[in-house]
Structures are given as C-alpha cells and as structure tokens.
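All residue numbers for the sequence shown refer to numbering that gives the first Met the number 0, where the first residue is 0 and numbers rise by one.
Here a beta-carbon is modelled for each residue, glycine too, at the ideal position from N, C-alpha and C.
Quantities reported herein were computed from a predicted structural model and do not represent experimental measurements.
What follows is a set of notes on a single structure, which appears directly below.
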Amino acid sequence: MLGGCGRADKAQTAEQPDEPSPLFRNVVNETAYVGDSSCASCHLRETTVYRDHAMAQSFHRWDAAKHLETPLDTPLHNAPTGFDYSVVAEQGRLFQVERLMSPDGKTLHELKRRIDYVMGSGQVAASYFTEENGRLFQLPLTWYRNHGWDFSPGYEINNARFDRLLPDRCIACHASYPKTIPYLEGKYADLRPGIGCERCHGPGALHVAERRSGAKRGGGYDNTIVNPARMPLERRLDGCEQCHVHTAVAVLRAGKDNFSYMPSQPLRDQWALFKVAGSIDVVSHADRLRQSKCFLATRSTTKPLECATCHNPHLPPVEARTRNQTCASCHPSAPLEKKLASSPSLAAHATGSDCVSCHMPKIQERTVPHGTFTEHWIRVPGRDSARMVARSDEGPIEPFFQRDRTGPESAVYKAMGEIVYASLANNARVLGDGAAALHIALEHDTTRSDAQFLLGVAYQQLGSTDESIRALERAARIDSNTPETLRALAQAYERAGRPASDVEHQYERALSLQPALAWIRAEFADYLHAQGRRDEARSAYRVALVEQPSLSTAWFNLGTVLAEEGRQTESSSAFRQAVHLEPSLAQALTSLVEISTKGNVIVSARTLGSPLVSLPLRDRGPRAVRLSVSAGPSPGVQFSNVPSQGVVQILNPDGTLLRELPVDRSGVLVWDLRVDGDTPVAGGLYRARVQGRGAVPQLLYFGIVRLGTG
C-alpha cells in the first residue's frame, strides 16, 4: 500500500528539506553524450519499450511512411491578417501554403513551405517546422488528434506566419541534447530526435566506456550514470518538472543555458520560475500532482505517489482497465462502498469503477486549441476548491521556488521575472516597477551580466536611453562575449548620437563572435545605409540574406540601396522578393518616396511609381490613412484621413519609435521627413502608426529612397 491519504494542511505543500543525493560521476565530471543506440546494446528490453513511448516520439523528421495527418483542401482563414492556409501534398511531401485572395477570388499572393520536422507525438497534437539553411521555423497550422487541422497555439492571436524561430527552450523539452552552435537559436550542428535515455540518466560515455572495458564496479551502486531510482523524491520530481512545469516566466540562472540541466541536480539551481500570482497551468502536471492530498500523504513513505508511479518510461503505458490499481492500494472498494452506502455516488465507487476519469478528469487547456489534458491535481470534484492557492499580494507574479522568495538573490530574480512578464504582457507599469526594483538590487553588483543586460533592455523599452546605456555598458564590462548585449549597446549608442566608431565597434564585435547572426548583420547594414555608406550596406545585406533568405525587411532595404545607386533591375528584384515574403510591403512600394539631400538639407521630395508591375494590394477602404508628397514650399509628406487630435508615430519596422507628431483638428499632418531633430530620414522601410481618441489604430508601410550626401 502507498499509505492512507488524509486531509493535508497548507504547510505540507511547502518545499521539503533535501535528502542527501548520491554522487554520479557522469554529472560531476564532463562527459559526452552517446545516443540511444549505445544504450540498446545492453538494455534492449528497456529501449525497445521506450521507442513506443510518447516522449521518444516528441520530435522527429517528418516521415511519409508514418505520418498521421492528411492534406487540408478547405483553407483555414486567419481573420486578423486576411491570409488563408491549406496543406497540400506534392511528390510525397506535405507543404503548408499561405494565400491572399482578392474579393473576386483571384490569388494575390502565395507562399509555400515544406513540412520538415514534427514536434509532438500526435497523442494530443503535432506541430510542424520548416528548415531554411539549417534554421527551423514553426508553421502556422497544427494537427490536433481530436479535431484535425487548426492554427498553431498563439497564431490566431498573433499570426507569426513562417517567421517564428524554434527556441532552444522548446528543443530542450522535446528532443535529446543537440549539438548547439554558439549564440544561435533554432540552428544546430546536430539535432537528435525525441527525448532519449540520457535526458533522465545523464550523458552516457563514461558508463559505456567502463562497462565495455570490463572495469569492476566495486561495492555499492554504479556511479558512472544517473539512476533515478537511487535519488531522493525531490530530485526525481525535478527530472520530470524540467519539462512538466509550465509557468508564465522562466529565467535562467547565471551561468546556465537551456541545455545545462542534468538529472540529479536541483532544478531550482537551473531556473527561476514565476507563475501568475495564485495560479498554475493545467499542463504543469508535476506541480498539480504536488497539490494533491494523495501525494502529500505519501511523500514521506518508502513508496510515494509520484510521476513514475503511473508513467514508468520502461514499461508500456498503463491500460485503462488496470490504471486504478494504484488508487485501490489506498482506497479499496469495500471500505468505500461502506462509507458511501447512503451517498448518491455509491454506484460510481463499485468494484471496477474508473477512479481516474472522475478524480483526474480531462480538462481543456486554454493555451492549446483542442487540447485536453489529464488533470493531475487529484481531488474530490465539487468538494475541493477550484482555486488551489490564494492570490498573492506580492505582485503580478510569484516565485515557484522558495529561494526566489527568501534567498540572497531573490530580489534580483524577482525583478528579472517582472521585466520578462511585463515585456510579454506589454505592461508598461510592471516594466517600470521591475526596472526600478532591479536597479536597486544591482546597485553594488559587478558580476551579473545577464541581469544588467535585462535592465538595459527594460530601460530601452521605457525610452530611458542614458540609463539603458549605463546598464548595458556594465553588462559588457562583465562579459564582452555576448552578441545580444553588444547589439543592444550598438543600438543604444545610435539612439544617443554617439560617434559612428562606437556603434560600429559593437556591431563588428558581435558579428565576429557569431557571423551567422543574420538579423544583427541586417541591422548593421541599416546603420551603414543611414550613414550613407551604400557599398558596405549593400554587401552586408547580401551576406545576411545568404545566411537567412527569409528576412523580408532586409530585402526591401537592399532594394532601396540599389535604387539609390541607379541599379533599377536589381532593385526591382529585391523589392519583388520582399513582397513575396511579406505581401504587406506592397503597400510601401505604392508609398515609395524619393528625397534628395545635401548635408542635412532636404532639397526635394517626390513620389516614385512602383518598381513592380503588379502588387498584392488589398483595398484599405475610403477612410484609410493616405500618404502623399506635400505640395507646400518645404519638402515633406502629408498624411491625410488622420483622426483629429491624434498622433502619427514614425517607426522602424521593428516598432522602434523615431518621431511622434501631434495632429490638429484638420485631420491632415505634414511631416518634414526628419527624425531626431534636424536629421533627414534615412533610406529604407518604415511604418506610420496613426492613432486617435476612440479610433482603431492604423498602420501604413512606406519606403524612402534617399539620394545625395549626408
């Protein structure tokens, strides 16, 4: 028996003191990974059973012989963008296709991407990824077992189309340890399928070498490889919780990366996890189990109720007819029938009844369309409160681990968590609070590059350039080998008007650390272009686009450079590729403005005709904001149909604010084509965001071709 399950008070849910954990040499010493095939030579039964386990099939190449999904002939419509998506079969492969249709049924735009990888075993769902020069990007449609095709999680709210890069965090939970490429996410030197043996047992090279050499183990346990059965309960749960606890915010500890956690280590030393105050997601199976009275009552026994009780990876999945045996070891039917003799629920507790379907019901998870998951908070329906934890007064998020409540670095990690949460939730108030708290926590710190970087990014988002520079400079002094820090510092220097040599040094240093960071190289090209250094900018754009051909903004900006150089055929080709990747950019070609400058003086401005014969243009309606060249005495552009007493924001494509212009009562605004005081706008792609009181904000893409000097 597991032991009787009595009522548990709240104190029992707190973290328990650690029991001593045995030493495993493959974790303490640097050890190589060998892959599942090496395990199979001695552990054939275990590996054979495990191959059919859902975890072993959680990530793999798409296989025409084994795939579950079928083509989707009736397209799914994404209302916010107007795109239609379908799945087609061609030459034995499946492709996801994006189309933009005109009101009369003509195809204005079509973009097709092949399904190369599958994430998910298919028991609940399977999401798909396409490969571009080694990088993996998520596709818009997911196949759901109980529904069929629908949008991937999050795509109906914010359609990332084919541009959502696969994060390391996803691979860390869906595949064996890959061979990473420094500073690159979504691209790997070697990508192994599924969750393998070494995710729970640690790297196997030491164990394989000693067993094959015939070395004697001596007395005691085999310490060449992790054996979860020898670990204390908390470490066993950590092994499951590395992937089966899902919180709103996860912050890596200093010195850790997404692949540095190994079994037998405390998970709290890898991550600072924060949940929305008073809640935990349904898919956080391990934490839901921790709330259960069955778990709390047995955790100190020799055979506690834990994840592996029902999910032993070395045994076939438990069948429905036998899965109640664990429950019956503590709750045999005879005493229950006697206790419930006069209860309406008596019939549901007869011998052979299914405990799980009632006490661990299937629940819809809000973040996964059509996804139902077994509720691992085991409870009596209708008796236990639907809210497990009272809402905290600590703020919008609360720590998952006790060390982030009371530990010596708790203030640092709590503030970091608030900044991450605020960025995801687009909450300026929480962002400001988090930045202020982190600033205080780091007042005398000289070691935390990661925290200083996050502080610098927060100040950047808040528009506090000087404070952003100070934090980013501290981060770079502590660790000058992080490209993202150097890139952020380059952008901060540019906003502050620092000398070109200061900006260039940061970009060049970042790209020397990892030349394949195409998006940073494209940003550097934007800077060179703004400086009038067209030859260098053109070269940098081309290098970035060889590495990552799907950068639509880089294609557009390359087109403006080529147009400024009078290379019209090449310019049109670059614009065509930009619009093929992102049809919204067709709008910018109808609003393409050529300006001539001499130093900081704008000599003239005129509207250019579109360099492309046909464009996938959608009717924006008669009340849409329009852009035209101003007919006034000074060169400029005019925005019309603008809500009175509103504002027009001039933005970079990434949303960085360059200029904000108030609108008077006339509903017309003339912009003098300048940013940052007297500086004329540089060539390239821009967005105008128009907003007024009570009006829905509008976005208008436009392009600038700048001739002349300065």
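Using DSSP with H/G/I as helix, E/B as strand and the rest coil, what is Ser643?
Taking the sequence shown and counting its residues from 1, the one referred to as residue 643 is at position 644. If DSSP states are grouped into helix, strand and coil, Ser643 belongs with coil.
Below 8 Å, can you find three or more Cβ-Cβ pairs linking the stretch 222-229 to the stretch 241-260?
no
To the nearest angstrom, how far is it from the Cα of Thr12 to the Cα of Trp142?
The residue given as residue 12 occupies position 13 in the sequence shown. The residue given as residue 142 occupies position 143 in the sequence shown. Residue confidence is low: Thr12 scores 44 on pLDDT, short of 50, so the model does not pin down where it sits. Its coordinate-derived value is still stated next. Roughly 37 Å separates the two Cα atoms.
Continuous beta strand (DSSP E) stretch holding Arg322: start and end:
Translated into the one-based positions of the sequence shown, residue 322 becomes position 323. Arg322 -> no beta strand (DSSP E), and no H or E assigned at all.
Going by DSSP, what residues sit across from Ser595 in a beta bridge?
Position 596 of the sequence shown, counted from the first residue, corresponds to residue 595. Ser603 and Leu706, per the DSSP bridge assignment.
Have a look at Ala630 and Arg447 and give me their C-alpha separation to the nearest angstrom.
Residue mapping note: residue 630 aligns to position 631 of the sequence shown, counting from 1. Residue mapping note: residue 447 aligns to position 448 of the sequence shown, counting from 1. The straight-line gap from Cα to Cα measures roughly 55 Å.
From the DSSP secondary-structure annotation, give me the bridge partner or partners of Glu89.
As a working mapping, residue 89 is identified with position 90 in the sequence shown. Arg92.
Quick one: give me the first and last residue of the alpha helix (DSSP H) that Thr73 is part of.
Residue mapping note: residue 73 aligns to position 74 of the sequence shown, counting from 1. First-last for Thr73: Leu71 to Asn77, but that is the beta strand (DSSP E), not the alpha helix (DSSP H).
Rounded to whole angstroms, what is the Cα-Cα separation between Leu110 and Gln690?
Numbered from 1 along the sequence shown, position 111 holds the residue referred to as residue 110. Numbered from 1 along the sequence shown, position 691 holds the residue referred to as residue 690. Each residue's Cα considered, the two are about 31 Å apart.
Which complete beta strand (DSSP E) runs does the stretch 183-231 hold, if anything under 3 residues is left out?
187-189
Please state whether the Cβ-Cβ distance between Ser283 and His245 is less than 7 Å.
Within the sequence shown, the letter at position 284 stands for residue 283. Within the sequence shown, the letter at position 246 stands for residue 245. Yes, they are a contact pair.
What does DSSP give as the partner residue(s) for Val270 in the beta ladder?
In the sequence shown, the residue the question calls residue 270 occupies position 271. First, the amino acid is wrong: residue 270 is Trp here, not Val. Answer by DSSP bridge pairing, in chain order: Leu251.
Can you grab the Cα-Cα spacing for the pair Arg69 / Gln95, in whole Å?
Mapped onto the sequence shown, residue 69 falls at position 70. Mapped onto the sequence shown, residue 95 falls at position 96. Before going on, a small fix: residue 69 reads as Thr here, not Arg. Each residue's alpha carbon lies about 12 Å from the other.
So, Thr606 versus Val578, is the Cβ gap smaller than 7 Å?
Taking the sequence shown and counting its residues from 1, the one referred to as residue 606 is at position 607. Taking the sequence shown and counting its residues from 1, the one referred to as residue 578 is at position 579. No, these two residues do not count as a Cβ contact at 7 Å.
When the distance is taken between beta carbons, is Tyr49 closer than 7 Å to Pro202?
By 1-based counting over the sequence shown, the position of residue 202 is 203. By 1-based counting over the sequence shown, the position of residue 49 is 50. Result no, Cβ atoms of Pro202 and Tyr49 do not sit closer than 7 Å.
Own chain residues within Cβ distance below 8 Å of Glu184, not counting five before or after
As a working mapping, residue 184 is identified with position 185 in the sequence shown. Excluding positions up to five away in sequence, the list reads Leu164, Leu165, Pro166 and Asp167.
Which residues bound the alpha helix (DSSP H) around Arg617?
By one-based count along the sequence shown, residue 617 stands at place 618. Unbroken run through Arg617: none, as it is neither H nor E.
Specify the secondary structure class of Ile170 as computed by DSSP and reduced to three states.
One-based indexing of the sequence shown puts residue 170 at position 171. Helix.
Smallest Cα separation from Ser37: which of Phe23, Arg235, Asp465 and Glu209?
Here residue 37 corresponds to residue number 38 of the sequence shown, with the count starting at 1. Here the closest residue by C-alpha is Glu209.
Based on DSSP bridge pairs, tell me the residues matched to Ala124.
Translated into the one-based positions of the sequence shown, residue 124 becomes position 125. Per DSSP, Tyr143.
Does the stretch 583-603 come close enough to the stretch 685-703 that 3 or more CB-CB pairs lie under 8 Å?
yes
Have a look at Ala509 and Arg98 and give me their C-alpha separation to the nearest angstrom.
As a first step, residue 509 must be located in the sequence shown, where it is residue number 510. As a first step, residue 98 must be located in the sequence shown, where it is residue number 99. If you take the alpha carbons of Ala509 and Arg98, they lie about 37 Å apart.
Take Val641 and list the residues in its own chain whose beta-carbon comes closer than 8 Å to its own, dropping the five residues that flank it on each side.
Here residue 641 corresponds to residue number 642 of the sequence shown, with the count starting at 1. These residues qualify, in order along the chain: Val624, Val647, Val662, Gly666, Val667, Leu668, Val689 and Gly691.
Would you kindly work out how many angstroms separate the C-alpha atoms of Gln586 and Pro652, rounded to a whole number?
As a position in the sequence shown, residue 586 is number 587, starting the count at 1. As a position in the sequence shown, residue 652 is number 653, starting the count at 1. Going by the C-alpha atoms only, they are around 13 Å apart.
Please return the same chain residues whose Cβ sits closer than 7 Å to the Cβ of Tyr412, not counting the five positions on each side in sequence.
Walking along the sequence shown from the start, residue 412 turns up at place 413. Around Tyr412: Val250, Ala271 and Asp403.
Whole-angstrom Cβ separation of Glu240 and Asp17, contact assumed at under 8 Å?
Counting from one through the sequence shown, the residue named residue 240 turns up at place 241. Counting from one through the sequence shown, the residue named residue 17 turns up at place 18. Between Asp17 and Glu240 the Cβ distance is about 15 Å, and since that is not below 8 Å, they are no contact.
Given that a residue counts as buried once 16 or more other Cβ atoms are within 10 Å of its Cβ, and exposed if not, what is Leu22?
Within the sequence shown, residue 22 is the residue found at index 23, counting from 1. Exposed, because fewer than 16 other Cβ atoms sit within 10 Å of the Cβ of Leu22.
Closest to Ala687 by C-alpha separation, out of Asp534, Arg191, Leu650 and Gln269, would be which residue?
By one-based count along the sequence shown, residue 687 stands at place 688. Considering only alpha carbons, the answer is Leu650.
Once the 5 residues before and after Leu335 are set aside, which same chain residues still bring their CB inside 6 Å of it?
Locating residue 335 in the sequence shown gives position 336, where the first residue counts as 1. Closer than 6 Å at Cβ, skipping near neighbours: His348.
Per DSSP, what kind of secondary structure is Met118 in: helix, strand or coil?
Here residue 118 refers to the residue found at position 119 when the sequence shown is read from its first residue. Here Met118 sits in strand by DSSP.
Identify whether Leu656 lies in helix, strand or coil by the three-state DSSP scheme.
By one-based count along the sequence shown, residue 656 stands at place 657. The answer is strand: DSSP assigns Leu656 an E or B state.
Quick one: grab the DSSP three-state call for Tyr260.
Here the question's residue 260 lines up with position 261 in the sequence shown. Note: Tyr260 maps to coil in three-state DSSP.
Pro368 and Asp149 look like a contact to me (Cβ under 8 Å); what is the Cβ gap, rounded to whole Å?
The residue given as residue 368 occupies position 369 in the sequence shown. The residue given as residue 149 occupies position 150 in the sequence shown. Rounded, the Cβ-Cβ distance is 5 Å, consistent with contact.
CA-CA distance, Ala470 and His438?
As a first step, residue 470 must be located in the sequence shown, where it is residue number 471. As a first step, residue 438 must be located in the sequence shown, where it is residue number 439. Using only the alpha carbons, I get a separation of about 9 Å.
Going by DSSP, what residue range makes up the alpha helix (DSSP H) through Leu430?
Sequence index remark: in the sequence shown, residue 430 carries index 431 (1-based). It spans Ala427 to Ala440 - the alpha helix (DSSP H) in which Leu430 sits, taken as one unbroken run.
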